[in-house]
Amino acid sequence: MYRLRTGRRVASALAVLVIAGSGPLAAAPAGAAQAAGSPAASSAAGDPPATRSAKAPLGEPKGKVVSRINLSIREEPTSHSAYLGGLRPGTVIPLSCKVRGENVDGNNLWYLLGDAHPGYVAARYVENQSPVPYCQC
Numbered sequence: 433m434y435r436l437r438t439g440r441r442v443a444s445a446l447a448v449l450v451i452a453g454s455g456p457l458a459a460a461p462a463g464a465a466q467a468a469g470s471p472a473a474s475s476a477a478g479d480p481p482a483t484r485s486a487k488a489p490l491g492e493p494k495g496k497v498v499s500r501i502n503l504s505i506r507e508e509p510t511s512h513s514a515y516l517g518g519l520r521p522g523t524v525i526p527l528s529c530k531v532r533g534e535n536v537d538g539n540n541l542w543y544l545l546g547d548a549h550p551g552y553v554a555a556r557y558v559e560n561q562s563p564v565p566y567c568q569c
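Start counting the sequence shown at 433; every next residue gets the next number (my numbering).
Rendered as structure tokens:
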């Protein structure tokens, strides 16, 4: 019985690491990659994703990162897409809208970052501070 519980803990820990991303453990602001001219920045430097909704005037929704480790920012709403950066636990982030994507620990919603930050974060690890609309295709 002990082996079964240990196996589940290890599997859960590995799942968190996979979802969190393969990037460096030190968090960097989402725009830092572009400023540094990294390869990840060049892939994200084009037009914003087609799913981005019209920018909310002043009351853009916000969310708080509630993961235990850095939360990965991804190019698309899946953990298999390009890593664009990371967000530290406790960081309050602007959210543009939400889309359905890869299921992460029972939650298939992903937030498109707002405030001119490119990329998506898994909603499983973000506590939204206000309602977030679905993205308009």
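All C-beta atoms, glycine included, are put in the ideal place defined by N, C-alpha and C.
Legend entry - Nonlocal neighbours in the same chain, by C-beta distance under 8 Å from Gly-530, ignoring five residues either side: In the sequence shown, residue 530 corresponds to position 98, counting from 1. Sequence inspection shows Lys at residue 530; the Gly mentioned does not correspond to that position. Hits under 8 Å: Leu-541, Trp-542, Tyr-543, Leu-544, Ala-555, Val-564, Pro-565, Tyr-566 and Cys-567.
Inset, instruction - Establish whether the CB of Ser-528 and some CB of chain D are separated by less than 8 Å. - result: Here there is only one protein chain, and chain D is not present.
Legend entry - Distance between beta carbons of Gly-491 and Ile-505, contact taken as under 8 Å: Stepping through the sequence shown from its first residue, residue 505 is reached at position 73. Stepping through the sequence shown from its first residue, residue 491 is reached at position 59. Actually they do not touch by this definition, with Cβ atoms about 23 Å apart.
Inset, instruction - Please work out which residues of its chain come closer than 7 Å, Cβ to Cβ, to Thr-510, disregarding the five sequence neighbours upstream and downstream, and give them in chain order. - result: Sequence index remark: in the sequence shown, residue 510 carries index 78 (1-based). So the list reads Gly-533 and Glu-534, once near-sequence residues are dropped.
Inset, instruction - Under 6 Å Cβ to Cβ from Leu-527, same chain only, skipping five residues before and after it: list those, please. - result: Translated into the one-based positions of the sequence shown, residue 527 becomes position 95. The answer, listed in chain order, is Pro-493, Gly-495, Tyr-543, Gly-546 and Val-564.
Inset, instruction - Quickly, what does DSSP pair Ala-514 with across the bridge? List them, please. - result: Taking the sequence shown and counting its residues from 1, the one referred to as residue 514 is at position 82. Answer by DSSP bridge pairing: none, since Ala-514 is not bridged.
Inset, instruction - Tell whether a beta-carbon distance below 8 Å holds between Val-558 and Gly-522. - result: Position 126 of the sequence shown holds residue 558. Position 90 of the sequence shown holds residue 522. Cβ atoms of Val-558 and Gly-522: not closer than 8 Å.
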